[in-house]
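Have a look at the structure below, then the notes.
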């Protein structure tokens, strides 16, 4: 997954490399997991692991000066201000299961769901995907 921030909008993106024969099945699983996040709060332990992972990845990435400058520039371009790592880490640590569920319900909505596929796909799989494309 990844996030894209723009000044007036953004995108929550799920990337997956999948065998063409299993695209419909994989998409169903992805949508089920995302739908579950909307309905059921994430376990505290799982959320803690995710936050620790994110913070660790952020700190590793920002050790590179170019990455750090790119990160600051992206923040300024999308938010019109600089977010420093310490502030982001503090905010991430404050996130609770209810916050995640609330944001999932705000972001993961059927009317804003988009899908892009690259590669050959059988007609029966196209129909199956189209029928099930909702949270």
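Numbering (my numbering), first residue to last: 580 to 714.
Don't be surprised by glycine CBs; every beta carbon is placed ideally from N, CA and C.
- If the five residues before and after residue 686 are omitted, its C-beta is found closer than 7 Å to the C-beta atoms of 591, all from its own chain and listed in chain order.
- Counting every other CB atom within 10 Å of its CB across the protein chains shown gives residue 603 a total of 16 or more, marking it as buried.
- For residue 592, the three-state secondary structure derived from DSSP is strand.
- A check of alpha carbon separations from residue 681 across 643, 659, 614 identifies 614 as the nearest.
- Shown here, residue 644 sits in a helix according to DSSP, grouped into three states.
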